[in-house]
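Start counting at 1 in the sequence shown, then tack on 2, and there's your number in our numbering.
Yeah, the Cβ is synthetic: ideal placement off N, Cα and C, and Gly gets one too.
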Amino acid sequence: MKSSPTQLPFSAKFNSQYPPPKQKSVCEREYLRPNEVENLLKAARQTGRHRVRDAAMILLMFRHGLRSVELVNLKWTQIDLASGYI
3 MKSSPTQLPF SAKFNSQYPP PKQKSVCERE YLRPNEVENL LKAARQTGRH
53 RVRDAAMILL MFRHGLRSVE LVNLKWTQID LASGYI
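What follows is the structure, encoded as structure tokens:
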């Protein structure tokens, strides 16, 4: 069985050099350390007319692992102050 010059036989295709697989990028998890959160809280408490609100939002996000969208969409019905659950 002869193959045309433009087409390789199956075994040649199978053994041909393929590009090396792409290296997966290693992403380190990014998070704030406790001292960075303290600095952020200090700054929030010192500036702006909504100091208390801003500091409370930062603290909620840090302690409960909330994303900004989750915090903004949080409803009072989702908060149980008696048992301490959000």
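Could you tell me which residues DSSP puts in a beta bridge with residue i?
i: Tyr87; result: Asp82
One question on the structure: do residue i and residue j come within less than 8 Å of each other, judged by their Cβ atoms?
i: Met63; j: Leu73; result: yes
i: His66; j: Ile81; result: no
i: Leu43; j: Ile60; result: yes
Could you give the residue range of the alpha helix (DSSP H) that holds residue i?
i: Asn41; result: Pro36 to Gln48
CB-CB under 7 Å to residue i, same chain, minus the five flanking residues each way: which ones, in chain order?
i: Asp56; result: Ala46 and Gly50
According to DSSP, is residue i helix, strand or coil?
i: Arg70; result: First, the residue type needs correcting, since residue 70 is Ser and not Arg in the sequence shown. Helix, per DSSP.
i: Val54; result: helix
i: Leu62; result: helix
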